[in-house]
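A short worksheet on the structure shown next.
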Amino acid sequence: MTKTAERPAPVRVTPVGAPSPAGDRGRRRLTDQLRAYGFLLGGLVCFALFSWYPAVCAIVIAFQKYTPGSDPEWVGTANFTRVLHDPEFAAAWRNTLTFTLLALLIGFAIPFVLALVLNELRHAKAFFRVVVYLPVMIPPVVSALLWKWFYDPGSGLANEALRFLHLPTSNWSNGTDTALISLVVVATWANMGGTVLIYLAALQSVPGELYEAAELDGAGLLQRIRHVTVPQTRFVILMLMLLQIIATMQVFTEPFVITGGGPENATVTVLYLIYKYAFLYNDFGGACALSVMLLALLGAFSAGYLRLTRSSEEATA
Amino acid sequence: MNSTRTLVSPAVLARPRGRAVYWTVFTGTVVLFALAFLFPVYWMATGAMKSPDEVARTPPTLVPENWSTSGYTDAWDLMQLPTHLWNTVVQAAGAWFFQLVFCTAAAYALSRLRPAFGKLILGGILATLMVPAQALVVPKYLTVADLGLLNDPLAIWLPAVANAFNLYLLKRFFDQLPKDVLEAAEIDGAGKLRTLWSIVLPMSRPVLGVVSIFALVAVWQDFLWPLMVFSDTGKQPISVALVQLSQNIQLTVLIAAMVIASIPMVALFLVFQRHIIAGISAGSTKG
Chain A
4 MTKTAERPAP
14 VRVTPVGAPS
24 PAGDRGRRRL
34 TDQLRAYGFL
44 LGGLVCFALF
54 SWYPAVCAIV
64 IAFQKYTPGS
74 DPEWVGTANF
84 TRVLHDPEFA
94 AAWRNTLTFT
104 LLALLIGFAI
114 PFVLALVLNE
124 LRHAKAFFRV
134 VVYLPVMIPP
144 VVSALLWKWF
154 YDPGSGLANE
164 ALRFLHLPTS
174 NWSNGTDTAL
184 ISLVVVATWA
194 NMGGTVLIYL
204 AALQSVPGEL
214 YEAAELDGAG
224 LLQRIRHVTV
234 PQTRFVILML
244 MLLQIIATMQ
254 VFTEPFVITG
264 GGPENATVTV
274 LYLIYKYAFL
284 YNDFGGACAL
294 SVMLLALLGA
304 FSAGYLRLTR
314 SSEEATA
Chain B
229 MNSTRTLVSP
239 AVLARPRGRA
249 VYWTVFTGTV
259 VLFALAFLFP
269 VYWMATGAMK
279 SPDEVARTPP
289 TLVPENWSTS
299 GYTDAWDLMQ
309 LPTHLWNTVV
319 QAAGAWFFQL
329 VFCTAAAYAL
339 SRLRPAFGKL
349 ILGGILATLM
359 VPAQALVVPK
369 YLTVADLGLL
379 NDPLAIWLPA
389 VANAFNLYLL
399 KRFFDQLPKD
409 VLEAAEIDGA
419 GKLRTLWSIV
429 LPMSRPVLGV
439 VSIFALVAVW
449 QDFLWPLMVF
459 SDTGKQPISV
469 ALVQLSQNIQ
479 LTVLIAAMVI
489 ASIPMVALFL
499 VFQRHIIAGI
509 SAGSTKG
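Protein sequences appear in the order of chains A and B. Under the working numbering, read the first sequence as residues 4 to 320, first letter to last. Under the working numbering, read the second sequence as residues 229 to 515, first letter to last.
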């Protein structure tokens, strides 16, 4: 890096009598700018059309009666009051929040423990990493259909396993009480590979001396986890949690494919309700009002995530 | 790597009792992983080879009595899998191509060409990271409908370009390229496009690989967006077609179709597993 210092500073030679260098530079800057925007154009147009404009659209249409093909009508907050009085609205939010909470308890604790165990194993490392990530590569639609078949009350594997263990059988995704948690199991199975791998990578950056020092101080296994592992990987844990909250609040495929939102609205989620408003009720104003509410909540979580990554970057820099 | 100290000290592992515990935990983990992650996949692949009677039987058979491939051939013909697979390939390949061209060019401009308002544009792009994609799916659908792109693969290709995560990944990689090399190219008289093509891109192979895999997997796995955009059955990708056809088709045929739909991504993963796993692991420390 010090090499650049040895190099002689470039000497700008202005030939005597050269035609006005200032105007020349101005023209150069203009062509530079044109060229830069030429490179930017494709990406810029796509972002404008499919990210920025829809975000504005969502807020505008939330206050309109909107039917494709005819002129939109301003209706004030009518969409919001209509959506708020829909009995499915409360169910959808309750389900989404319960789903997120359960996914955090189950879908976060299991990968966390698995990663801790995998980090201690010195054999078949590649095998474990490939196998745990395999479900992530199976299309979500396929894993949803696969588990729908497992949950089948007649010939499904889930009840077979219970019978094999002489336990009472369950209704799984067909019972009002068990449907939501059945879907959480599917989502956890399908997605935990990424969490395990990321957390595993974080564990490898924990300096070994800390464990040695803790051991010399007489800390047992659980104490070492609590006082060394967790504080050392705090940022990654928080980041993964926020990412998981953001992802599970947008859950759609599992309820749509496995339960269709049933039984008795037990698994209708907010995104599912947005889909229903738009494509079943043809009520785009209501769908956008719901989107704006979801957006506000998720935006807050995302902002937290971005702040965290930024502060962790500063901490490592 | 092997010498790094982890939670359990090597001294404990060397003792006979420690070794016994280690191998018990190891075996337990192997069995758990096999049951939890491999067995469902085995069950799916073999379920498709059972007869319709056998697949509905209780208690189920662990191994098919007669290995029949008619489930797979029926799925291929009855569910028009070639059409849907081809649609998916076209959608994924186009999204990959557009993303690589437009995102790379834009990232290069933002990183090296100092466009006016560059900071503002980058801020606008990064702000979309705060807006989770699914929450905007309805207004995005209305925009695509206004543009007349429904039932057109462009409805997958162009929105795929608006991927702030990939663009930022590329920009950050370009930021870290050594300045000397790029300046040397310019002194040699290479234009911006030439520099990008023959200097920047060859140096960026690792990040281009990661972005390519992310782009392909995202399109292949997506469900809600193609479900909205493709009402025309003949243009639907395999994920949408599977769900639409799952209602009224024999179970063995459906399972076979599920296996076929999974093969491309699982194969891609097995071939590039080292790169993919390294990419995910690196993503954590870099944010």
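We treat Cβ as the ideally placed atom computed from N, Cα and C, and that holds for glycine.
Requested in this report: For Y336/B, I'd like the list of residues in its chain whose CB is within less than 7 Å of its CB, leaving aside the five on either flank, ordered along the chain.
Outcome: Here residue 336/B is taken as the residue at index 108 of the second sequence, counted from 1. If the five residues before and after Y336/B are omitted, its C-beta is found closer than 7 Å to the C-beta atoms of F402, L424 and V428, all from its own chain and listed in chain order.
Query raised in the report: Interface residues of chain A around I441/B at Cβ under 7 Å?
Result: Taking the first residue of the second sequence as 1, we reach residue 441/B at position 213. Within 7 Å Cβ-Cβ: nothing; I441/B doesn't reach chain A, min ~10 Å.
Query raised in the report: Does the separation of the CB atoms of V366/B and S294/A fall below 7 Å?
Result: Here the question's residue 366/B lines up with position 138 in the second sequence. Here the question's residue 294/A lines up with position 291 in the first sequence. Yes, these two residues count as a Cβ contact at 7 Å.
**Report entry** Spatial distance of A204/A from F254/B (CA atoms)
**Finding:** Within the first sequence, residue 204/A is the residue found at index 201, counting from 1. Within the second sequence, residue 254/B is the residue found at index 26, counting from 1. Each residue's alpha carbon lies about 19 Å from the other.
Query raised in the report: By DSSP, does Q207/A sit in helix, in strand, or in coil?
Result: Here residue 207/A is taken as the residue at index 204 of the first sequence, counted from 1. In this structure, Q207/A counts as coil in the three-state DSSP scheme.
**Report entry** Residue-chain proximity (R31/A, chain B), Cβ-Cβ < 7 Å
**Finding:** If you number the first sequence from 1, residue 31/A lands on position 28. Interface with chain B (7 Å Cβ-Cβ cutoff): R31/A is excluded.
Requested in this report: Using a Cβ cut-off of 7 Å (strictly closer), state whether L105/A contacts chain B.
Outcome: Against the first sequence, residue 105/A aligns to sequence position 102. Taking CB atoms only, L105/A has no neighbour in chain B less than 7 Å away.
Query raised in the report: Beta-carbon separation of W525/B and A510/B under 7 Å?
Result: Any answer about residue 525/B is impossible in this case: the structure gives chain B only from 229 up to 515.
Requested in this report: Look at the alpha carbon of I508/B and the alpha carbon of G197/A, and state the distance between them as a whole number of angstroms.
Outcome: Against the second sequence, residue 508/B aligns to sequence position 280. Against the first sequence, residue 197/A aligns to sequence position 194. I508/B and G197/A: Cα-Cα distance of roughly 7 Å.
Query raised in the report: So V471/B is in the alpha helix (DSSP H); what residue range does that whole segment cover?
Result: Sequence index remark: in the second sequence, residue 471/B carries index 243 (1-based). Where V471/B is concerned, the enclosing alpha helix (DSSP H) stretches over I466 to L473.
Query raised in the report: Comparing alpha-carbon positions, which option in K463/B, W448/B, Q327/B and W271/B lies nearest S490/B?
Result: In the second sequence, the residue the question calls residue 490/B occupies position 262. The shortest Cα separation from S490/B among K463/B, W448/B, Q327/B and W271/B belongs to W448/B.
**Report entry** Secondary structure of R15/A, DSSP reduced to three states
**Finding:** Position 12 of the first sequence, counted from the start, is the residue given in the question as residue 15/A. Residue placement at R15/A cannot be trusted, given a pLDDT of 48 that sits under 50; the coordinates are not used to answer.
Query raised in the report: How many angstroms separate the CA atom of P268/B from the CA atom of Q478/B?
Result: Numbered from 1 along the second sequence, position 40 holds the residue referred to as residue 268/B. Numbered from 1 along the second sequence, position 250 holds the residue referred to as residue 478/B. Approximately 19 Å, taken between the alpha carbons.
Report task. Quick one: give me the first and last residue of the alpha helix (DSSP H) that T167/A is part of. Result -> Residue 167/A sits at position 164 when you count from the first residue of the first sequence. The sequence given here has Phe at residue 167/A, not Thr. Looking at the DSSP string, the run of the alpha helix (DSSP H) that includes F167/A is L160 to F167.
Query - K68/A (DSSP reduced to helix, strand or coil) - result: By 1-based counting over the first sequence, the position of residue 68/A is 65. Shown here, K68/A sits in a strand according to DSSP, grouped into three states.
**Report entry** chain B contact for L297/A (CB, 7 Å cutoff)
**Finding:** Taking the first residue of the first sequence as 1, we reach residue 297/A at position 294. Yes - at least one Cβ of chain B is within 7 Å of the one on L297/A.
**Report entry** Best match in A506/B, L452/B, V481/B and A446/B for proximity to M493/B [C-alpha to C-alpha]
**Finding:** Mapped onto the second sequence, residue 493/B falls at position 265. Among A506/B, L452/B, V481/B and A446/B, the Cα nearest to that of M493/B belongs to A446/B.
Query raised in the report: For W192/A, does the three-state DSSP call read helix, strand or coil?
Result: Position 189 of the first sequence, counted from the first residue, corresponds to residue 192/A. W192/A carries a helical assignment under DSSP once its states are collapsed to helix, strand and coil.
Query raised in the report: Looking at the structure shown, is F325/B part of a helix, part of a strand, or coil, going by DSSP?
Result: Taking the second sequence and counting its residues from 1, the one referred to as residue 325/B is at position 97. The answer is helix: DSSP assigns F325/B an H, G or I state.
Report task. Using a cut-off of 8 Å between C-beta atoms, extract the partners of I415/B located in chain A. Result -> The residue given as residue 415/B occupies position 187 in the second sequence. Those do not exist, as I415/B stays about 10 Å from chain A at its closest Cβ, beyond 8 Å.
Query raised in the report: With burial defined as no fewer than 16 other Cβ atoms inside 10 Å of the residue's Cβ, what is the status of F111/A: buried or exposed?
Result: As a position in the first sequence, residue 111/A is number 108, starting the count at 1. Residue environment for F111/A: buried (at least 16 other C-beta atoms within 10 angstroms of its C-beta).
Report task. Express the C-alpha separation of Q207/A and T513/B in angstroms, rounding to a whole number. Result -> On the second sequence, position 285 is the one that residue 513/B refers to. On the first sequence, position 204 is the one that residue 207/A refers to. At T513/B the pLDDT is 45, less than 50, meaning the model places this residue with poor confidence; the figure from the coordinates comes in the next sentence. Spanning the two alpha carbons is a distance of roughly 11 Å.
Report task. Go through the region 259-330 of chain B residue by residue and report every complete run of the alpha helix (DSSP H) that reaches 4 residues or more, in order. Result -> 267-275, 280-283, 298-306 and 309-326, all fully within the region 259-330 of chain B.
Report task. Please name the residue, chosen from F53/A, D27/A, R38/A and D180/A, that lies closest to W453/B on a Cα-to-Cα basis. Result -> For the purposes of this step, residue 453/B is taken as residue 225 along the second sequence, with counting starting at 1. Checking every option, the nearest Cα to that of W453/B belongs to F53/A.
Requested in this report: Return the CA-CA distance between W96/A and A292/A, expressed in angstroms with no decimal places.
Outcome: In the first sequence, residue 96/A corresponds to position 93, counting from 1. In the first sequence, residue 292/A corresponds to position 289, counting from 1. Going by the C-alpha atoms only, they are around 14 Å apart.
Requested in this report: Please state whether DSSP places E257/A in a helix, a strand or coil.
Outcome: Counted from its first residue, the first sequence places residue 257/A at position 254. Note: E257/A maps to helix in three-state DSSP.
Query raised in the report: Given a threshold of 16 other Cβ atoms within 10 Å of its Cβ, counted over all protein chains shown, does Y270/B qualify as buried or as exposed?
Result: In the second sequence, the residue the question calls residue 270/B occupies position 42. Answer is exposed; the Cβ neighbour count stays below 16.
Query - Enclosing alpha helix (DSSP H) for Q247/A [first to last residue] - result: Looking up residue 247/A in the first sequence gives position 244. Here the alpha helix (DSSP H) through Q247/A covers R237 to T251.
Report task. Give the DSSP bridge partners of W77/A, in chain order. Result -> For the purposes of this step, residue 77/A is taken as residue 74 along the first sequence, with counting starting at 1. As a beta-bridge residue in DSSP terms, W77/A pairs with Q67/A.
**Report entry** Amino acids of chain A, ordered along the chain, whose beta-carbon sits closer than 8 Å to that of M486/B
**Finding:** Reading the second sequence from its first residue, position 258 is the one you call residue 486/B. V145, L148 and L149, listed in chain order.
Requested in this report: Output, in sequence order along the chain, the residues in the region 344-360 of chain B whose CB is closer than 9 Å to any CB in chain A.
Outcome: Residues are counted here when their Cβ sits less than 9 Å from a Cβ of chain A; for the region 344-360 of chain B these are A344, G346, I349, G352, I353, L354, A355, T356, L357, M358, V359 and P360, given in chain order.
Query raised in the report: Of all the CB atoms in chain A, is at least one closer than 7 Å to the CB of P288/B?
Result: Position 60 of the second sequence, counting from 1, holds the residue named residue 288/B. Chain A, which has a Cβ nearer than 7 Å to the Cβ of P288/B, makes this yes.
Requested in this report: Could you run through the region 448-460 of chain B and flag, in chain order, every residue whose CB is less than 9 Å away from some CB of chain A?
Outcome: Of all residues in the region 448-460 of chain B, W448, Q449, D450, F451, L452, L455 and M456 have a Cβ within less than 9 Å of some Cβ in chain A.
Query - Residue range of the unbroken alpha helix (DSSP H) whose run includes I353/B - result: To locate residue 353/B, count along the second sequence from 1; it is residue 125. Counting along the chain, the alpha helix (DSSP H) containing I353/B begins and ends at G346 to A355.
Query raised in the report: Relative to the C-alpha of E91/A, which residue among K279/A, D35/A and I184/A is closest?
Result: Locating residue 91/A in the first sequence gives position 88, where the first residue counts as 1. Out of K279/A, D35/A and I184/A, K279/A has the C-alpha closest to the C-alpha of E91/A.
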